[in-house]
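*Asks:*
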Amino acid sequence: MPDIIESPSRVDTIDGITPDMFAQAILSANRPVLMRGLVADWPSVRCGLAGAEPMAQYLKALDTGHPTTVLEAHSGVKGRFSYSPDMSEFNFNKRFKTVSAGIDQILAAMDHPNPPYTYIQSTVIKDYLPGFLAENINPLLPPAIAPRIWISNATRAQTHNDNDHNLACVVAGRRRFILFPPEQLKNLYIGPMDHTPSGRAISLASLEEPDFESFPRLKDALAAATVAELEPGDALYVPKYWWHHVQSLSPFNVLINYWWGNSASTVENPMSAFLAALLSLKDISPADKVYWKAMFDNYIFQVDGDPMAHVPPARQGGLGRHDAKMRKEIFDSLRKLIEGRG
64 MPDIIESPSR VDTIDGITPD MFAQAILSAN RPVLMRGLVA DWPSVRCGLA
114 GAEPMAQYLK ALDTGHPTTV LEAHSGVKGR FSYSPDMSEF NFNKRFKTVS
164 AGIDQILAAM DHPNPPYTYI QSTVIKDYLP GFLAENINPL LPPAIAPRIW
214 ISNATRAQTH NDNDHNLACV VAGRRRFILF PPEQLKNLYI GPMDHTPSGR
264 AISLASLEEP DFESFPRLKD ALAAATVAEL EPGDALYVPK YWWHHVQSLS
314 PFNVLINYWW GNSASTVENP MSAFLAALLS LKDISPADKV YWKAMFDNYI
364 FQVDGDPMAH VPPARQGGLG RHDAKMRKEI FDSLRKLIEG RG
């Protein structure tokens, strides 16, 4: 447990969960939940419990031999894959190797007191270890949700969030998740969105060696944090947009995760609106910001209820419910604005 979190709040734990419970109670609550032993009957978990060598042999026997992305960092980064001091580059290298080669690299460094770090990250199982799927079936999610595998030594996934729901299942080693609600964004010192180590913006504040002088609001984030510690066979549900910092605590670690739930089309994805707002709202005058904040609060986030309740439904236009015809009209209006014909 990091010393910087005093008397940490633990993530809620549920045993004996069913698919119906997961769909009806867990997802709707929008809170992280730890499910002990959810995948304890997986053959891969049994190998993970037997040790690093049996786990490695199990995975290598399934390897298709296709090269995947392997992150490599020297011992001085202390497992934290992030930026160089001036943020002009990253503190690791990306290589293309087979899963087996990456595993052998981790095994070779296990007895080293200050090992270099190897991280096989977000590898799609059906493309690289297809035989894994038939033997290790998720009891809660449909087969259409494609799992990914993460293999490393004692690495750190710096605080970030995802646009999807996440079910993380530990197969080998121990893992600690430190989780923050979405609204802690302001206290986490998130870096750029378009220059990221692995696709998602990350916090620039270390949780292992915190610098409260440079990042004073980090203390407020930690006060709101919850912690989950996972053993092989355990699973953690992380709702989309929740910030999470992941510590792999063993010399050899394997995690399987499932992402789902970000089904919006390109135009309807909230990120499209956010990027448009960066262009159109970020640098307007303070008075204009007051107006547009009120517009968004009223019509988009509806903080005071339905803003069009006083207007007959047939006359609400784009501010009311959207059928196919209205959606097309809004798209057409957007297109005209983008083309300068609005």
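If you count the sequence shown from 1, position 266 lands on 329 in the numbering used here, and the numbers rise without skipping.
Using N, Cα and C, we set each Cβ at its ideal position, and we do this for glycine too.
With DSSP collapsed to three states, give me the class of residue 362.
*Replies:* The answer is helix: DSSP assigns residue 362 an H, G or I state.
*Asks:* Does any C-beta atom of chain D lie closer than 8 Å to the C-beta of residue 403?
*Replies:* This model lacks chain D altogether; it includes just one protein chain.
*Asks:* If distances are taken between C-alpha atoms only, which option among 382, 236, 142, 247 comes closest to residue 178?
*Replies:* When only C-alpha atoms are compared, the closest one is 142.
*Asks:* Check each candidate in 164, 125, 190, 220 and name the one with the smallest Cα separation from residue 198.
*Replies:* For the residues 164, 125, 190, 220, the minimum Cα distance to residue 198 belongs to 125.
*Asks:* Could you spell out the range, first to last residue, of the beta strand (DSSP E) harbouring residue 280?
*Replies:* Note, residue 280: premise wrong, no beta strand (DSSP E); not H, not E.
*Asks:* Quick one: grab the DSSP three-state call for residue 291.
*Replies:* It is a strand residue.
*Asks:* Could you check how far apart the C-beta atoms of residue 301 and residue 95 are, in whole angstroms? I think they sit under 8 Å.
*Replies:* That belief holds up - the Cβ atoms of residue 301 and residue 95 are roughly 5 Å apart, short of 8 Å.
*Asks:* Going by C-alpha to C-alpha distance, which of 317, 388, 183, 366 sits closest to residue 63?
*Replies:* Since the first residue of the chain shown is 64 and the last is 405, residue 63 is not available in this structure.
*Asks:* Use the C-beta contact count for residue 228: other C-beta atoms within 10 angstroms, 16 or more gives buried, fewer gives exposed.
*Replies:* Residue 228 comes out buried.
*Asks:* Hey, would you say residue 222 sits closer than 8 Å to residue 74, going by beta carbons?
*Replies:* For residue 222 and residue 74, no; Cβs fall outside 8 Å.
*Asks:* Per DSSP, what kind of secondary structure is residue 354 in: helix, strand or coil?
*Replies:* In the structure shown, residue 354 sits in a helix (DSSP, three-state: H, G or I).
*Asks:* Hey, could you find the ends of the alpha helix (DSSP H) residue 168 is sitting in?
*Replies:* Residue 168 -> alpha helix (DSSP H) spans 162-171.
*Asks:* Quick one: grab the DSSP three-state call for residue 89.
*Replies:* Looking at residue 89 - three-state DSSP - the assignment turns out to be helix.
*Asks:* For residue 210, does the three-state DSSP call read helix, strand or coil?
*Replies:* Of the three classes helix, strand and coil, the one that applies to residue 210 here is strand, per DSSP.
*Asks:* So is residue 98 buried or exposed if we call it buried at 16+ other beta carbons inside 10 Å?
*Replies:* Residue 98 comes out buried.
*Asks:* Near residue 217, which residues of its chain fall below 6 Å by C-beta distance, leaving aside the five closest residues on each side in sequence?
*Replies:* Taken in chain order, the residues that qualify are 142, 311.
*Asks:* List the residues that DSSP assigns as beta-bridge partners of residue 135.
*Replies:* Partner(s): 156, 181.
*Asks:* Leaving out the 5 sequence neighbours to the left and right, which residues in its chain are closer than 6 Å to residue 105 when beta-carbon positions are compared?
*Replies:* Answer for residue 105: 199, listed in chain order.
*Asks:* For the candidate residues 160, 335, 206, 355, whose alpha-carbon lies nearest to that of residue 226?
*Replies:* The residue with the shortest Cα to Cα distance from residue 226 is 335.
*Asks:* From 369, 307, 110, 193, pick the residue whose C-alpha is nearest to that of residue 384; which is it?
*Replies:* Looking at the Cα atoms, 369 is the closest of the given residues.
*Asks:* Output the distance between the C-alpha atoms of residue 282 and residue 398, rounded to the nearest integer angstrom.
*Replies:* Taking the straight line joining both Cα atoms gives about 44 Å.
*Asks:* Tell me, to the nearest whole angstrom, how far the beta carbon of residue 215 is from that of residue 182; I am working on the premise that it is less than 8 Å.
*Replies:* With a Cβ gap of about 4 Å, residue 215 and residue 182 count as contacting.
*Asks:* Do you know how far the Cα of residue 184 is from the Cα of residue 209?
*Replies:* Those two C-alpha atoms are separated by around 15 Å.
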